[in-house]
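This report concerns only the one structure given below.
In the working numbering, the protein residues as written are 1 to 409.
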């Protein structure tokens, strides 16, 4: 503030005479004062006023070598009084944008500016016997209004930018949470399968125990212990599953999104993913027909795995096309990518857990879980998934009941 105000004050006009001038220093000072703590305002105003006084005196003396130093001092004493009065009045009323509102800030600056100008003009009258007409006073008021408008406009732009930044942060946070819960949904699918397997293993272990006990086999007690351990594992998994289910099934209106929003979100996420993999991928998406709002976690869990798999399949650059078509009680989801064709021998095992043809730069294989998870979800909803090699592209096509995406995951 100490440096900015004197510099801004040099953007000036002299409405009457060569003594009283009006510049952009006051709005700059007002803007800085808005962000100062209350106890620092007077000291900041005093230092700024002194800097303005010394800066203008030095500038005038350097420009006019024969200028009397005492006369130069007297020319700029009113400016010192103006800026110091400005800070004192600001401190007296303690204007704050968050407390007074933009309109209140504008009126406060107008009042402080006019009061400080009145004090400065009074000092000018005592020193130089300056007198003002009604038109001169009207001009001062209009300029004060203009300076107030500048500050209010700048504050308004800052508030709009702050609101935009906050909204952007909230949107990104919501997208992150949406994908996080969608990932949790994927885990519940496998956890549910694990629970079923554990239940079957418990029953088989107990049957084994009974058979061994009837034969009075010494390993019967070991079989019973094994059945108990499997049962404990199942119970622990049930508790984890219940906790994840509570997170996913606490349904709210925000859990359901339009088809267009879901495709747009998937594209945004995978654009970042492609950039992270240093691939140039063009994403195309289209929605055909009438679609109700779909449950976001279920839909994204399915679609995001397909699209991210498509991105990984593209060597360096290419395209990914997403189409969603409505077919009465079913929907058809198509994800097409410009990756290499998949051979017949791989097509038979591509949906098996752990199978992968993708390796990173260090030669480490992918997990091979994505497509297996997609197959698990599709089968769970009595749908179908097909893989087709097309000229210049590979197509994954899913046909699934629309009801699958209209309920909680």
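No residue lacks a Cβ here, since even glycine has one placed at the ideal position from N, Cα and C.
- Taking the Cα positions, residue 162 is about 26 Å away from residue 3.
- Rounded to the nearest angstrom, the Cβ distance from residue 44 to residue 87 is 7 Å, consistent with a contact under 8 Å.
- Residue 57 and residue 160 have their alpha carbons spaced roughly 40 Å apart.
- Three or more beta-carbon pairs drawn from the stretch 264–283 and the stretch 308–320 are found closer than 8 Å, and the two stretches are therefore classed as touching.
- Rounded to whole angstroms, the gap between the alpha carbons of residue 53 and residue 143 is 22 Å.
- Between the stretch 266–273 and the stretch 291–304, the count of Cβ pairs shorter than 8 Å is three or higher; the stretches touch.
- In its chain, beyond the 5 residues on either side, 265, 268, 269 have a beta carbon closer than 8 Å to the beta carbon of residue 175.
- When secondary structure is reduced to three states using DSSP, residue 36 falls in the coil class, being assigned neither helix nor strand.
- According to the DSSP assignment, residue 262 belongs to no beta strand (DSSP E) but to the alpha helix (DSSP H) extending over 259–276.
- DSSP, reduced to helix, strand and coil, places residue 162 within a helical segment of the structure shown.
- For residue 288, the uninterrupted beta strand (DSSP E) run begins and ends at 280–288, by DSSP.
- In this structure, DSSP gives residue 45 a helical state, which the three-state scheme calls helix.
- For the pair residue 151 and residue 30, the CB atoms are nearer than the 9 Å cut-off.
- The shortest CA-to-CA distance from residue 181 to any of 300, 332, 203, 153 is the one to 300.
- One Cα belongs to residue 102, the other to residue 149, and the distance between them is close to 10 Å.
- Annotation for residue 347: no beta strand (DSSP E) segment contains it, though the alpha helix (DSSP H) segment containing it runs 344–347.
- A distance below 7 Å between beta-carbons, with the five flanking residues on each side excluded, links residue 202 to the following residues of its chain, in chain order: 227, 230, 231, 234.
- Your pair residue 294 and residue 406 checks out as a contact, with CB atoms roughly 7 Å apart and the cut at 8 Å.
- Spanning the alpha carbons of residue 219 and residue 210 requires a straight line of approximately 11 Å.
- At least 9 Å separates the beta-carbon of residue 308 from that of residue 346.
- Of all alpha-carbon atoms in 156, 82, 107, 134, the one lying nearest the alpha-carbon of residue 120 is that of 82.
- When C-beta atoms of the stretch 395–404 are compared with those of the stretch 320–336, three or more pairs fall below 8 Å, so the two segments count as touching.
- Annotated three-state conformation of residue 338 is coil, per DSSP.
- In this model, residue 154 and residue 146 are separated by some 12 Å (Cα to Cα).
- Per DSSP, residue 402 lies in no alpha helix (DSSP H) and is assigned neither H nor E.
- Within the same chain, 234, 237, 238, 241 come within 7 Å of residue 195 by CB-CB distance, once the 5 residues on both sides are set aside.
- If you draw a straight line from the Cα of residue 90 to the Cα of residue 170, it is about 35 Å long.
- Taken through DSSP and simplified to helix, strand or coil, residue 350 comes out as coil.
- Taking the Cα positions, residue 215 is about 12 Å away from residue 221.
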